[in-house]
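Numbering of the sequence shown is given in the working numbering, commencing with residue 1 and proceeding in unit increments. Ideal Cβ positions, reconstructed from N, Cα and C, are used throughout, including at glycine. This structure is a prediction, so every number in the text was calculated from the model and none was measured. One structure is given below, encoded as structure tokens.
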Amino acid sequence: MSDWVLLAAPQLRPYACDLCKRAPRGPIIDTRQHHVLPNGLPGDRIYICKNCAGQAAKLHELIAPDELDEAIDWRMRIEGLEAELADRDQIIADFYTASDVSRTTIEQLAEELEAVTGRADYLQSQLDRVSEVASVSPEPEHISESENSPYEAEIADMEAEAERKGYAAPRYIREPDEDDADSD
Ligand SMILES: [Zn+2]
1 MSDWVLLAAP
11 QLRPYACDLC
21 KRAPRGPIID
31 TRQHHVLPNG
41 LPGDRIYICK
51 NCAGQAAKLH
61 ELIAPDELDE
71 AIDWRMRIEG
81 LEAELADRDQ
91 IIADFYTASD
101 VSRTTIEQLA
111 EELEAVTGRA
121 DYLQSQLDRV
131 SEVASVSPEP
141 EHISESENSP
151 YEAEIADMEA
161 EAERKGYAAP
171 RYIREPDEDD
181 ADSD
């Protein structure tokens with residue numbers, strides 16, 4: 001009896017309790033005894049599961065029945081919580097894996113964006129150069145033509161009005177040659 005040990009799980013055949021023949025989850029007592037085969041050689045190891053040990057303890061009144069039930073209940077609840085924690089650990093691990101993946105994706109996208117931005121800057125500078133070259137083309141002649149001024153008609157009206165009233169037409173809006181030829 002003194003060399004009984006509690007193991008996390010049975011290590012030898014039949015990997016189950018010798019009394020109930022079941023292999024419940026959780027620790028099991030290894031009696032370090034074994035059955036003896038007809039030929040005298042050692043046979044199956046003798047394990048005792050918690051339920052059977054509890055039954056024995058109850059019958060021997062080593063433990064109050066309700067205390068045992070409570071202990072088994074607690075044990076089951078703890079095992080349930082341990083399983084839940086393991087599930088949660090897995091979820092957290094999955095989450096970290098997923099977030100690593102998305103961080104890598106974000107870094108790749110940032111690099112691509114930088115490359116595209118650089119390319120856009122280059123194209124913009126090329127476009128600016130092309131615009132510069134285009135702006136020294138013969139276009140300005142057309143722009144400087146007085147017929148195209150939106151104020152030309154208005155100026156003519158003002159001149160006519162001034163003449164009718166006997167005023168000198170305002171100098172600042174008149175062409176120098178016209179001004180000299182006309183009123184002086
Ligand atoms: Zn058993």
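Is the separation between the beta-carbon of residue i and that of residue j shorter than 8 angstroms?
i: Tyr-15; j: Thr-31; result: no
i: Trp-4; j: Ile-28; result: no
i: His-34; j: Gly-43; result: yes
Less than 7 angstroms between C-beta atoms, sequence neighbours within five positions excluded: which residues of the same chain meet that for residue i?
i: Arg-22; result: Ala-16 and Cys-49
i: Ala-71; result: none
i: Arg-119; result: none
Quick check: does the Cβ of residue i come within less than 7 angstroms of any heavy atom belonging to ligand 1?
i: Arg-22; result: yes
i: Leu-19; result: yes
i: Asn-39; result: no
i: Ile-48; result: yes
Please report the distance separating the alpha-carbon of residue i from that of residue j.
i: Ser-125; j: Ile-106; result: 28 angstroms
i: Leu-37; j: Ile-92; result: 50 angstroms
i: Glu-61; j: Asp-69; result: 13 angstroms
i: Gly-54; j: Leu-81; result: 22 angstroms
i: Ser-102; j: Leu-109; result: 10 angstroms
i: Glu-163; j: Ser-135; result: 41 angstroms
i: Ala-83; j: Arg-25; result: 12 angstroms
i: Pro-10; j: Thr-97; result: 35 angstroms
i: Tyr-122; j: Glu-132; result: 15 angstroms
i: Glu-154; j: Arg-129; result: 39 angstroms
Given residue i, which residues of its chain have a CB within under 8 angstroms of its CB, disregarding the five upstream and five downstream residues?
i: Leu-6; result: Pro-27, Ile-28, Ile-29 and Asp-30
i: Cys-52; result: Cys-17, Leu-19 and Cys-20
Once you ignore the five residues that flank residue i on each side, which residues in its own chain have a CB closer than 6 angstroms to its CB?
i: Glu-145; result: Because Glu-145 sits at a pLDDT of 49, beneath the cut-off of 50, its placement in the model cannot be relied upon, and the following sentence gives the value as read from the coordinates. Correct list: empty, nothing qualifies.
i: Leu-12; result: Arg-45
Quiz prompt | Unbroken stretches of the beta strand (DSSP E), 3 residues or longer, contained in the segment 10-51 | solution = DSSP runs (the beta strand (DSSP E)) wholly in the segment 10-51: 28-36 and 42-48.
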